[in-house]
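Enquirer:
Next comes the structure, spelled out in structure tokens:
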């Protein structure tokens, strides 16, 4: 039996590749976790862009939910985890649709006890 539990994050656990015009107040990483439909993280142009989280405890991950602004979706989304030697390894990927609705990707296996670091890469942004 699986349970649907959101991972609770705070701003210190997040890093992002860039912020549009360095305007952290309007487009910064805090908007990823504020539960507001009115705000969003907005990166500079270019690919790849990424979000990195550092969990405070080990987590199990079997799905991820994303919502892009229509017209600004990545063509490919990759989840990576950092190994003990500091390198990153891809552990999952999916190809999001270009619309403004929530998209959920379920993985064919569970990632158990991910605790070092996760990086979410957005590639080939439309």
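Residue numbers (the UniProt record's numbering): 1 to 126. Yeah, the Cβ is synthetic: ideal placement off N, Cα and C, and Gly gets one too. Nothing here was measured: the structure is a model prediction, and the numbers come from that model.
Here's a check: name, in chain order, each residue in its chain whose Cβ is nearer than 7 angstroms to the Cβ of residue 31, leaving out the five neighbours to either side.
Expert: On the chain shown, residue 31 is found 31 positions in, with the first residue counted as 1. Once the five neighbours on either side are set aside, the close Cβ partners of residue 31 are 39, 40 and 41.
Enquirer: How is the beta strand (DSSP E) around residue 65 delimited, first residue to last?
Expert: Here residue 65 refers to the residue found at position 65 of the chain shown. First-last of the beta strand (DSSP E) with residue 65: 59-66.
Enquirer: DSSP three-state label for residue 2, please.
Expert: Along the chain shown, one-based indexing puts residue 2 at 2. Because residue 2 carries a pLDDT of 49, less than 50, the predicted location of this residue cannot be relied on, and the following value inherits that uncertainty. Coil.
Enquirer: In whole angstroms, what is the alpha-carbon distance linking residue 2 and residue 64?
Expert: Position 2 of the chain shown, counted from the first residue, corresponds to residue 2. Position 64 of the chain shown, counted from the first residue, corresponds to residue 64. Here the model assigns residue 2 a pLDDT of 49, short of 50, so the residue's position is not dependable and the matter cannot be decided.
Enquirer: What separation, rounded to the nearest whole angstrom, lies between the Cα atoms of residue 56 and residue 72?
Expert: By one-based count along the chain shown, residue 56 stands at place 56. By one-based count along the chain shown, residue 72 stands at place 72. The straight-line gap from Cα to Cα measures roughly 31 angstroms.
Enquirer: Rounded to the nearest angstrom, what separates residue 106 and residue 62 at their Cα positions?
Expert: Along the chain shown, one-based indexing puts residue 106 at 106. Along the chain shown, one-based indexing puts residue 62 at 62. Cα to Cα, the separation comes out at about 6 angstroms.
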